[in-house]
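Step one of this worksheet: look at the structure below.
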Amino acid sequence: MSDTMLGGLVGSEEADILNRFDSLSYEEGDLIVREGEDSEGVFLVLRGSVSVLRLVTNSEEVAVGMIYPGEAFGEIGLFGTRRRISTIRAEEPTSVIMLTRQEFFKLRQNRPDVALKLLEKLFCQVADRFEKIQNEWLSDGFPCRRGKREGEPVG
Numbered sequence: 143m144s145d146t147m148l149g150g151l152v153g154s155e156e157a158d159i160l161n162r163f164d165s166l167s168y169e170e171g172d173l174i175v176r177e178g179e180d181s182e183g184v185f186l187v188l189r190g191s192v193s194v195l196r197l198v199t200n201s202e203e204v205a206v207g208m209i210y211p212g213e214a215f216g217e218i219g220l221f222g223t224r225r226r227i228s229t230i231r232a233e234e235p236t237s238v239i240m241l242t243r244q245e246f247f248k249l250r251q252n253r254p255d256v257a258l259k260l261l262e263k264l265f266c267q268v269a270d271r272f273e274k275i276q277n278e279w280l281s282d283g284f285p286c287r288r289g290k291r292e293g294e295p296v297g
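Residues 143 to 297 (my numbering) are what the sequence shown spells out, left to right.
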């Protein structure tokens, strides 16, 4: 599990955190969370895959990414009441585990060492996701730079 949100946890640490998660299963096409809903916690995909969708109009969604086993989504839900910024849809039969904000707060009080390790892993996944998005954005070129040569002024 070293590449997952729970990687780096040992023995009682892993058991303590896993006992706080809720197990959930979804079928292909099921919505796990909807953009605009209140965030209640973070999810870890155990099996299957999910797509990340964003509303571009009131009724049109566009896929902006995929999440696979070992990857997390909804991490903003651990840090206070926020609205979901994406819709997450199961693309095949999918199993996830969810850590609610309330359970994370209990973990933080009872096992701050484990809570810190979990936050470090989540931070690394968010940073990796940001880097991937940034690289994809740069490979297409910034919209204002399309057609411009390296070093040429923008505008």
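Glycine is no exception: its CB is placed at the ideal position from the N, C-alpha and C atoms.
Beta-bridge partners of alanine 214, as assigned by DSSP = Leu186
Contact set for aspartate 172: own chain, Cβ-Cβ below 6 Å, skip 5 residues either direction | Ala232
If you draw a straight line from the C-alpha of arginine 253 to the C-alpha of phenylalanine 221, how long is it?
-> 17 Å
With DSSP as the reference, please indicate the residues paired to isoleucine 239 in a beta bridge.
-> Ser165, Leu186
In chain order, what residues of the same chain have a beta carbon less than 8 Å from the beta carbon of glutamate 217, not counting five sequence neighbours either side?
-> Val184, Leu264, Gln267, Val268
Using a Cβ-Cβ cut-off of 6 Å (strictly less than) and excluding sequence neighbours within five positions of aspartate 164, which residues of its own chain qualify?
-> Met240
Mind reading off the beta-carbon distance from glycine 190 to serine 237? Whole number of angstroms is fine, and I expect it under 8 Å.
-> 6 Å
Could you give the DSSP three-state label for glutamate 203: helix, strand or coil?
-> strand
Do you know how far the Cα of threonine 242 is from the Cα of isoleucine 227?
-> 17 Å
Grouping DSSP H, G and I as helix and E and B as strand, with all else coil, what is serine 193?
-> strand
What is the rounded straight-line gap between the Cα of valine 175 and the Cα of glycine 219?
-> 11 Å
Out of Phe215, Leu188, Glu203, which has the shortest C-alpha to C-alpha gap to serine 167?
-> Leu188
Arginine 162 beta carbon less than 8 Å from that of glutamate 245 = yes
Do you know whose CA, among Leu258, Leu186, Arg224, lies nearest glutamate 213's CA?
-> Leu186
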